[in-house]
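Since the structure comes first, as structure tokens, the remarks are kept for the end.
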Amino acid sequence: MSENQKKDSYKIAWLPGDGIGIEVLEAAKIVLDKVNLNAEYIHGDIGWEFWRTEGDALPQRTIDLLKTVDAAMFGAITSKPVKAAEEELVPELKGKGLVYRSPIVRMRQMFDLYTCLRPCKSYPGNPLNYKENIDLVVFRENTEDLYAGVEFNPVPDELVEVLKNISKPFSAFSTLSKGEFAISCKINTKKGSDKIIRAAFQYARKHNRKKVTIVHKANVVRATDGLFLDVAKEVAKDYPEIIFDEANVDAITMWLLKNPHNYDVLVAPNLYGDIISDLCAQMVGGLGFGCSGNIGNELAVFEPTHGSAPKYAGMYKVNPIATILAAKMMLDWLGETEKANLIENATAAVIKEGKVRTYDMGGNSTTLEIAEEIAKKI
Ligand code: IPM
Ligand code: MG
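Take a look at the structure:
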């Protein structure tokens, strides 16, 4: 993960998506405007509407835009299972074999945004904190693993034949008829594992963090998680000053809840990282506080971890802090540390003061009122 050198001006792709993605990005813009980032914000089409009408939730023109920008802010997108998505296509596009895939997952893979960085901090005064002084940073591998997209349902005969011949455990499934079983491949590479684990250790070194915990299930998922753990042991040798720790993914969900203060930086393959980052976010306030950076060497896309919450769309009710903290992360990545700190400090002050709060925090302020209050404190 490389953090950039400051520039005189920036081009930022602005991707609200749909549902509440639109209003939380509007809120983040109020705060970004207040720190006077010299940036051109360029709107990009993305979301459910483009799936329905064009058969592509991430149109080529948006991919082209992403190739030209320094960073992107992304709101949220409604996503539905493949069959439900197909049913919603306009009639001309139905039956053409179009398959819905999550645009954020595609962006991560297309632009090799291999780091998913998810800091989870309990800001003092947040009534939703599970415990005080939680300060966890999750590094989630962002392009491989069960998210590789190599899936079969029904499983083709050729694959069944090969697996029958090379895998004893598979023979138990091979007698099932077509459509009775499905296969999703978990693919983890040495290179991909090395990149994310090194990013985690590098971050720990840079930010004076004491410990990196490798999350895996290598006792059962021996091939892929075994590889991840082996790579981690190698990488750790380059960071002797940082404590190397490892834990099974199931056990760590309990331990994290029991004593979050025992953890510092966590690094995990994609799906485990998805799960534990939600757990960690919940400990510091839940949906309204989980922010995320999808970071590659050339491009980074920042987003709230939450989804598009269609039932709240347009009500300006939801908490924009996750997205405002994502904007703060973007500034950090751009090398604009001072501006990033201004946003974080103002956000922390508003949380602490507790006068302006959205419903999740027990208040009745609107999404934009939170943003305006934060902007006022900058
Ligand atoms: C996340 C989300 C996404 C994921 C979904 C929306 C595809 O849960 O960013 O954590 O699974 O990665
Ligand atoms: Mg998730």
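Each residue of the sequence shown is one higher than the one before, starting from 1238 at the first, in the numbering used here.
Even for Gly, the Cβ is constructed at its ideal location relative to N, Cα and C.
Everything numeric in this text was worked out from a predicted model, so none of it was measured.
Would you mind sorting residue i into buried or exposed? The rule is 16 or more other CB atoms within 10 Å of its CB.
| i | result |
| --- | --- |
| aspartate 1245 | exposed |
| arginine 1594 | buried |
| lysine 1613 | exposed |
| asparagine 1556 | buried |
| threonine 1281 | Reading the sequence as shown, one finds glycine at residue 1281 and not threonine. So glycine 1281 ends up on the buried side. |
| threonine 1290 | exposed |
| threonine 1412 | exposed |
| leucine 1494 | exposed |
| lysine 1271 | buried |
| leucine 1568 | buried |
| proline 1497 | buried |
| arginine 1345 | buried |
| alanine 1409 | exposed |
| arginine 1459 | exposed |
| serine 1239 | Any reading at serine 1239 must be qualified, since the residue scores a pLDDT of 48, below 50, and its modelled position is unreliable; no value is offered. |
| serine 1414 | exposed |
| asparagine 1363 | buried |
| histidine 1453 | buried |
| alanine 1313 | buried |
| glutamate 1378 | buried |
| aspartate 1255 | buried |
| threonine 1299 | buried |
| glycine 1284 | buried |
| methionine 1598 | buried |
| valine 1457 | exposed |
| glycine 1551 | exposed |
| glutamate 1398 | exposed |
| threonine 1574 | exposed |
| proline 1328 | exposed |
What residue range is occupied by the uninterrupted alpha helix (DSSP H) comprising residue i?
| i | result |
| --- | --- |
| leucine 1330 | Unbroken run through leucine 1330: none, as it is neither H nor E. |
| isoleucine 1434 | 1427 to 1443 |
| methionine 1347 | 1340 to 1347 |
| leucine 1295 | Here leucine 1295 belongs to no alpha helix (DSSP H), and DSSP marks it neither H nor E. |
| asparagine 1273 | That residue, asparagine 1273, is in no alpha helix (DSSP H); it is neither H nor E in DSSP. |
| isoleucine 1283 | Careful: isoleucine 1283 lies outside any alpha helix (DSSP H) and carries neither H nor E. |
| aspartate 1569 | 1558 to 1571 |
| isoleucine 1588 | 1574 to 1590 |
| lysine 1613 | 1604 to 1613 |
For the beta strand (DSSP E) containing residue i, name the first residue and the last one.
| i | result |
| --- | --- |
| lysine 1248 | 1247 to 1254 |
| glutamate 1277 | 1276 to 1280 |
| methionine 1313 | With the sequence shown as reference, residue 1313 is identified as alanine, and methionine is not the correct amino acid for it. Here the beta strand (DSSP E) through alanine 1313 covers 1308 to 1313. |
Does any heavy atom of the ligand GDP sit closer than 7 angstroms to the C-beta of residue i?
| i | result |
| --- | --- |
| serine 1421 | As far as ligands go, the structure on display features the ligand IPM and the ligand MG and does not contain the ligand GDP. |
Only counting runs of 3 or more residues, tell me where the beta strand (DSSP E) segments fall wholly within the stretch 1481 to 1555, in order along the chain.
The beta strand (DSSP E) runs lying completely inside the stretch 1481 to 1555 and spanning 3 residues or more are 1502 to 1505, 1528 to 1532 and 1537 to 1541, given in chain order.
Residue ranges of each beta strand (DSSP E) run of no fewer than 3 residues wholly in the stretch 1450 to 1485, ordered along the chain?
Qualifying beta strand (DSSP E) stretches, in chain order: 1480 to 1485.
The stretch 1513 to 1520 contacting the stretch 1353 to 1362, beta-carbon criterion three pairs below 8 angstroms:
Counting Cβ pairs under 8 angstroms, three or more are found: they touch.
Ranges of the alpha helix (DSSP H) found wholly within the stretch 1349 to 1425, counting only runs of at least 4:
The qualifying runs are 1394 to 1403 and 1405 to 1411.
contact_flag[the stretch 1403 to 1416, the stretch 1485 to 1494] where n(CB pairs < 8 angstroms) is 3 or more
Not touching, per the Cβ criterion.
Quick check on the contact list: which residues have their beta carbon closer than 7 angstroms to a heavy atom of the ligand MG?
Each of Asp1511, Ser1514, Asp1515 and Thr1542 has a C-beta closer than 7 angstroms to some heavy atom of the ligand MG; these make up the full list, in chain order.
Below 8 angstroms, can you find three or more Cβ-Cβ pairs linking the stretch 1374 to 1387 to the stretch 1539 to 1559?
No contact exists between the stretch 1374 to 1387 and the stretch 1539 to 1559.
When you compare the stretch 1260 to 1267 with the stretch 1605 to 1612, are there three or more beta-carbon pairs, one atom per stretch, that lie closer than 8 angstroms?
As far as the Cβ criterion goes, the stretch 1260 to 1267 touches the stretch 1605 to 1612, which means the pair count is three or higher.
Cβ pair count under 8 angstroms reaching 3, the stretch 1502 to 1513 against the stretch 1434 to 1446
By the Cβ test, the stretch 1502 to 1513 is in contact with the stretch 1434 to 1446, since at least three Cβ pairs between them sit closer than 8 angstroms.
Quick check: the stretch 1305 to 1318 against the stretch 1246 to 1253, are there 3 or more CB pairs under 8 angstroms?
Enough Cβ pairs lie closer than 8 angstroms, so yes.
Okay, do the stretch 1560 to 1576 and the stretch 1526 to 1543 touch, 3+ Cβ pairs below 8 angstroms being the bar?
Judged by Cβ distances under 8 angstroms, the stretch 1560 to 1576 makes contact with the stretch 1526 to 1543, as three or more pairs qualify.
Pairs of beta-carbons, one from the stretch 1333 to 1341 and one from the stretch 1458 to 1472, closer than 8 angstroms: are there three or more?
By the criterion of at least three beta-carbon pairs nearer than 8 angstroms, the stretch 1333 to 1341 is not in contact with the stretch 1458 to 1472.
Three Cβ pairs or more, each shorter than 8 angstroms: is that satisfied between the stretch 1283 to 1301 and the stretch 1314 to 1327?
The answer is yes - the stretch 1314 to 1327 touches the stretch 1283 to 1301, with three or more Cβ pairs under 8 angstroms.
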